[in-house]
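Residues in the sequence shown are numbered consecutively from 180, following the working numbering. Report on one structure; see the data block that follows.
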Amino acid sequence: MKDKVSVDDEDVYFQENYYFMLNKPAGYITATFDENEPTVLDFFMDFPLVEKLFPVGRLDRDTEGLLIITTDGQFAHRLAHPKWNIEKEYFAIVEGDVSDIDFSPYEKKGLYLRKDKYTTKPFKVRVIKSSPEKSEIYITVSEGKYHIVKKIMGELKHPVLYLKRVRIGNLILDEILEAGEYRELTKEEIEYLKSLVRL
Numbered sequence: 180m181k182d183k184v185s186v187d188d189e190d191v192y193f194q195e196n197y198y199f200m201l202n203k204p205a206g207y208i209t210a211t212f213d214e215n216e217p218t219v220l221d222f223f224m225d226f227p228l229v230e231k232l233f234p235v236g237r238l239d240r241d242t243e244g245l246l247i248i249t250t251d252g253q254f255a256h257r258l259a260h261p262k263w264n265i266e267k268e269y270f271a272i273v274e275g276d277v278s279d280i281d282f283s284p285y286e287k288k289g290l291y292l293r294k295d296k297y298t299t300k301p302f303k304v305r306v307i308k309s310s311p312e313k314s315e316i317y318i319t320v321s322e323g324k325y326h327i328v329k330k331i332m333g334e335l336k337h338p339v340l341y342l343k344r345v346r347i348g349n350l351i352l353d354e355i356l357e358a359g360e361y362r363e364l365t366k367e368e369i370e371y372l373k374s375l376v377r378l
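Okay, structure coming up:
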């Protein structure tokens, strides 16, 4: 036998965990609390379990785009762990003309970052348009090292001017979400993300 709970004739259902897609704006840090800076959880202050929410991985303060927020600790830990090699795609505006760069070798063997003395995992770059002043690209990486996209483009002498994450795996940032808006992930999206990390 199952009990049913109703409030004002509306059935109430227990939900163990919550999963959200946030379109993070620039100017917010990816943290649960900070004494001096606004955080991504500021957008969830009306959510009754806000104190149980935390971001999955992180985006830099000045980076925008797709960020997952959840109450599911195991899910968040696994999805952020580098061992799963989950692709993350970014739209970037960078300084200068990149049309003469052959990015194909980096798809096989990555790029050596001289300052870090580290070779990145392989990554892909798709050039949208270029001019002498700036270029628009999509760059896909499979590692979550700090500032990895900025370091890659800096090593190639094309510093990042603007950065927005648009995809995690096959989960694409919802175009209807304005900066600072969020929605719950669908059941199918949650199941897909969990499948990536064998949950």
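Yeah, the Cβ is synthetic: ideal placement off N, Cα and C, and Gly gets one too.
Per DSSP, Y371 is one residue of the alpha helix (DSSP H) stretching across 366-375. Between R344 and T242, the gap from beta carbon to beta carbon is short of 8 angstroms. Per the DSSP secondary-structure output, R346 pairs in a beta bridge with E268, I351. Between the stretch 355-369 and the stretch 196-207, the count of C-beta pairs closer than 8 angstroms reaches three or more; the two stretches touch. In chain order, T319, V320, S321, R346, I347, G348 place their CB closer than 8 angstroms to the CB of E266, counting only its own chain and leaving out the 5 sequence neighbours on each side. Taken through DSSP and simplified to helix, strand or coil, Y198 comes out as strand. In the DSSP assignment, K288 falls outside any beta strand (DSSP E) and lies within the alpha helix (DSSP H) extending over 285-288. The DSSP-derived three-state label of R237 is coil. Each residue's CA atom was taken as its position, placing Y317 and N215 some 32 angstroms apart. With fewer than 16 other CB atoms across the displayed protein chains lying within 10 angstroms of its CB, R362 is exposed.
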